[in-house]
Amino acid sequence: MKIKSITLACMLGLVVSTPATAASELEKLRSEVDALNAKAQEWEEWKTPKTLVHLAGYADVGYSDTEGEPGSFNVGTFSPIFHYQYSDTVMLEAELEFNINEAGAGSVGVDYLTIDYFMNDYSALIMGKFLSPLGQFRQNLHPSWINKMASAPVGFGHDQAAPNAEVGLMIKGGFPTGNGTSNYAVYVGNGPTLELEAPDEIEMIETPGLNKDGDGKKVVGGRYGIFIPNQQLDIGISAATGETSIRTGSTGSYAYDTARSYDALGFDFAWRVLGLDLRGEYIKQEVGDQAASVAATGGEWEAWYVQAAYKFDSSNWEVAIRQSQYDTPHASVDRDQTAIGVNYVFASNFIAKLNYEINENPNAGQTAGDRVLVQLAYGF
Amino acid sequence: MKKLHKTVKPIVAAVFLLASTSLYSTGFAAEKPDTKGDAGRGAKSWVDNCMRCHNARDPKELRDDQWITTTYHMRIRAGLTGQETRDIIAFLQMSN
Chain A
1 MKIKSITLAC MLGLVVSTPA TAASELEKLR SEVDALNAKA QEWEEWKTPK
51 TLVHLAGYAD VGYSDTEGEP GSFNVGTFSP IFHYQYSDTV MLEAELEFNI
101 NEAGAGSVGV DYLTIDYFMN DYSALIMGKF LSPLGQFRQN LHPSWINKMA
151 SAPVGFGHDQ AAPNAEVGLM IKGGFPTGNG TSNYAVYVGN GPTLELEAPD
201 EIEMIETPGL NKDGDGKKVV GGRYGIFIPN QQLDIGISAA TGETSIRTGS
251 TGSYAYDTAR SYDALGFDFA WRVLGLDLRG EYIKQEVGDQ AASVAATGGE
301 WEAWYVQAAY KFDSSNWEVA IRQSQYDTPH ASVDRDQTAI GVNYVFASNF
351 IAKLNYEINE NPNAGQTAGD RVLVQLAYGF
Chain B
1 MKKLHKTVKP IVAAVFLLAS TSLYSTGFAA EKPDTKGDAG RGAKSWVDNC
51 MRCHNARDPK ELRDDQWITT TYHMRIRAGL TGQETRDIIA FLQMSN
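For the protein sequence lines, the chains are A and B, in the order given.
If you read the first sequence in the working numbering, its first letter stands for residue 1, the second for the next number, and so on.
If you read the second sequence in the working numbering, its first letter stands for residue 1, the second for the next number, and so on.
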């Protein structure tokens, strides 16, 4: 009876005070919701800013055992890639490369650094230091988490037959073509330089991406490719032309010899068929003769490879085989290589590789050691 | 030593000409590109293009905002069109 009386009294009290209290409670609730909305918008801000920042890259470590040499553990490379993007207008891309030499000392380089202006849906203007667009391996396949093998094909390493990088201006993009898409790159850049092998030979064509055009001779070039999705076939042709010269001296006091012609020509293909990933590439760089030069005779640096890889269905195992050849004016450098590999794909971006390379020098009196390579590669 | 010199110049000129002619007929044509990404088209572009070079990455590997910069990076690397780029971003963000 007592409880009933108290409940009744409370209800009467509520009825009497409801209009004022309800309005106050409603106002309080509205304020809280507004405050929560403001907080929620703050929390969502990171998803939709006009400027985006992203760190990507890759790294690899491994073990190498070359015939006639002691086997060694090694750190391959650590290559962080920085992306700064403003809306869909511009992107700054920079890839650094950290290495450790045999003595344990570290070094760092800039693989590429470009500002990319997206002009329209079909073209971007790229300026700075960029990976050479000639062929596919140097610009797209060299990162260790992408490369199916633990090494580059012979002739496709730094300062070999395939140009590495360029400093200049490039227009790159793609557009629909019938049943497929075309992709293209055209550029003008500072070009390569030549290293002299005393007293009168050209040792190599250096293509690190020169930050100063010491000889004042520009190179123009490009690549045109067609991708046919229903065939999973990608084919491309690359070419470059210009002039270059021998550089002597050291930083700050370089001297340049009389200029000579420079040309490059390449073909590449990639084809995914019957579960196989097939690809191949041919590249040749040529420098002309120059009678007024300390090294009158020019030369050709030529390389090619073909590669097949197969990943077993419902399995993490993958096998790969690659044949490559590198031909230069210097007998001691030439290589024929057959590489076979077994990969374990832990994740799409984390791969363990075991390779055996059969290396031969086709020239009389020259040798090249076979190698076993183990590599862990991670792309992030 | 001028074997390539005779043949490369016309090829370089042809690459420049082909790129500029095609650009003129597509990039600056009357048809205005669809500005929004389409996840359906993006799924096909993702399958077709990513595996041209590397294993396809799981959409859940990165956050939505990270897929934007990553895909624009790949627009440069693979020569994707702007529309393919937006379509692939829409697919990756939808699948994330």
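Glycine included, every Cβ here is placed at the ideal spot set by N, Cα and C.
- In the three-state reduction of the DSSP assignment, residue 140 of chain A falls in the helix class, which pools H, G and I.
- Taking C-beta atoms under 8 Å as the contact rule, residue 80 of chain A and residue 57 of chain A qualify, at a distance of about 4 Å.
- About 6 Å separates the beta carbons of residue 334 of chain A and residue 326 of chain A, which is inside the 8 Å limit, making them a contact pair.
- In the structure shown, the three-state DSSP call for residue 42 of chain B is helix.
- Excluding sequence positions up to five before and after residue 350 of chain A, its CB lies within less than 6 Å of the CB of 378, all in the same chain and listed in chain order.
- Boundaries of the alpha helix (DSSP H) harbouring residue 87 of chain B: 82–95, taken from the DSSP string.
- With respect to residue 67 of chain A, residue 369 of chain A sits close: the two C-beta atoms are nearer than 8 Å.
- Assignment of residue 39 of chain A by DSSP, reduced to helix, strand and coil, places it in the helix class.
- Here residue 69 of chain B is buried: its Cβ has 16 or more other Cβ atoms, across all protein chains shown, within 10 Å.
- Pairing residue 132 of chain A with residue 138 of chain A gives a Cβ-Cβ distance under 8 Å.
- Annotation: the region 253–299 of chain A contains the following complete segments of the beta strand (DSSP E) (minimum length 3 residues), in chain order: 260–273, 276–287.
- Sequence-distant partners of residue 195 of chain A (beyond 5 residues in either direction) whose C-beta falls short of 6 Å from its own C-beta, in its chain, are 203, 204, 206.
- For residue 204 of chain A, the uninterrupted beta strand (DSSP E) segment begins and ends at 201–206.
- Using a 10 angstroms sphere on the CB of residue 285 of chain A, the tally of other CB atoms reaches 16 or more, which defines it as buried.
- The shortest CA-to-CA distance from residue 248 of chain A to any of A:374, A:75, A:219, A:201 is the one to A:201.
- In the structure shown, residue 234 of chain A adopts extended strand secondary structure according to DSSP, grouped into three states.
- Minimum Cα-Cα distance from residue 224 of chain A among the listed residues A:272, A:268, A:28, A:74 corresponds to A:268.
- Excluding its 5 nearest sequence neighbours in each direction, residue 116 of chain A has C-beta neighbours in its own chain below 6 Å: 91, 124, 126, listed in chain order.
- Within a 10 Å sphere around the beta-carbon of residue 58 of chain B sit fewer than 16 other beta-carbons, which makes this residue exposed.
- The Cβ of residue 9 of chain B sits closer than 8 Å to at least one Cβ of chain A.
- DSSP places residue 344 of chain A outside any alpha helix (DSSP H); the residue lies instead in the beta strand (DSSP E), whose first and last residues are 335–347.
- Beta-bridge annotation (DSSP): residue 83 of chain A is paired with A:54, A:93.
- Residue 366 of chain A: not part of any beta strand (DSSP E); DSSP gives it neither H nor E.
- Counting C-beta atoms within 10 angstroms of its own C-beta, residue 281 of chain A has 16 or more neighbours from the protein chains shown and is therefore classed as buried.
- Taking CB atoms only, residue 224 of chain A has a neighbour in chain B less than 8 Å away.
- For the pair residue 186 of chain A and residue 168 of chain A, the CB atoms are not nearer than the 8 Å cut-off.
- As the crow flies, the alpha-carbon of residue 213 of chain A is around 13 Å from that of residue 128 of chain A.
- Residue nearest to residue 316 of chain A within the set A:348, A:324, A:96, A:323 is A:348 (criterion: CA-CA distance).
- Only those residues of the region 169–196 of chain A whose C-beta falls short of 9 Å from the nearest C-beta of chain B are listed: 171, 172, 173, 174, 175, 176, 177, 181, 182, 183, 184, 185, 186.
- Closest in C-alpha terms to residue 102 of chain A, from the list A:119, A:72, A:121, comes A:72.
- Ranked by Cα distance from residue 304 of chain A, the first of A:85, A:153, A:50 is A:153.
- Residue 74 of chain B and residue 301 of chain A have their alpha carbons spaced roughly 30 Å apart.
- Chain-ordered listing is empty here: chain B has no CB closer than 7 Å to the CB of residue 162 of chain A, the nearest sitting near 15 Å.
- In this structure, the alpha-carbon of residue 99 of chain A lies about 18 Å from that of residue 209 of chain A.
- Not one beta carbon of chain B lies nearer than 8 Å to the beta carbon of residue 330 of chain A.
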